[in-house]
Amino acid sequence: MSWQIEERVVKLIKFIFKDTKKNKELVLPVTPSSFEVNHGINVETINIHTLGDVSVAGYKLAPTYKVDCMFPAKKYPFCQPKVDLNPYGYVKKFEEWCDNHTVLRYIISDTMVNTPVLISDITYGEKDGTGDVYATITMRNYKTLSVVQTNKTGNRSRSSTEKKTSPSKSYTIKPGDTLSAICRKHYGNAALYPKLAAVNGIKNPNLISAGKTLKLPAVL
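If you read the sequence shown in our numbering, its first letter stands for residue 1437, the second for the next number, and so on.
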């Protein structure tokens, strides 16, 4: 009787931190058992007369990433093929990236995670007497800011240009409308309703009448 032994090769997921400017990358020496991604939006709470607290969706928050990892002091069977057995060398590198505000590309193979990040903080320590270092690395998504050209002649010239290109609009209040809903629709921010009320001479923002025409400035 012959026996066939099925041989399986386990492919380890790689957690990669890539410094694209220097064209260098660091792979976590031991594949973490889990990772976290936090994705969400800002939700504002507005208190409206007779309705109470109302939740209003705001803009996107910067995603955050967290991973618990191990920097080994000796070679283990579960380590990645190329491992530096100086655990504090890894710690020093992450501290350096954090302090220097280095933008890294954080990649987890075979997942959706492939994004530019900044190291927000690293917490580390030893706990079992082996010399291995255990760390928690927290990152925040990095977004490049574009530079806006301003008029060199000063604010007066710029404001006059804005008035020419962005005139005020008008809006007729409909049954069921609220100032916060109107602000959310036209300005993308429901919290601007007190300013809209002031522009239109409305003393109580919670009491508006259908049929009344509102001025909608280009900017509140």
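Using N, Cα and C, we set each Cβ at its ideal position, and we do this for glycine too. These numbers were taken from a predicted model, which means no experiment stands behind them.
* Among TYR1623, TYR1607, GLY1647, LYS1457, which one has its Cα closest to the Cα of VAL1539? -> LYS1457
* Is it the case that the Cβ atoms of VAL1549 and ILE1555 are separated by a distance below 8 Å? -> no
* Under the three-state DSSP convention, the category LEU1464 falls into -> coil
* What are the start and end residues of the alpha helix (DSSP H) that includes LEU1632? -> 1629 to 1635
* To do: Within the same chain, show all residues whose beta-carbon is closer than 6 Å to that of SER1616, passing over the 5 residues directly before and after it, in chain order.
  => ILE1482, ALA1626, TYR1629
* Asked: What residues are listed by DSSP as bridge partners for MET1506?
  -> TYR1570
* To do: Kindly list the residues whose CB is nearer than 8 Å to the CB of LYS1528, restricted to its own chain and excluding five residues on each side of it in sequence; keep chain order.
  => none
* Asked: Nearest-angstrom Cα distance between SER1491 and LYS1610?
  -> 22 Å
* THR1559 to GLY1494 span [Cα, whole Å] -> 31 Å
* To do: Could you tell me the boundaries of the alpha helix (DSSP H) in which PHE1453 lies?
  => Here PHE1453 belongs to no alpha helix (DSSP H); instead the beta strand (DSSP E) covers 1451 to 1455.
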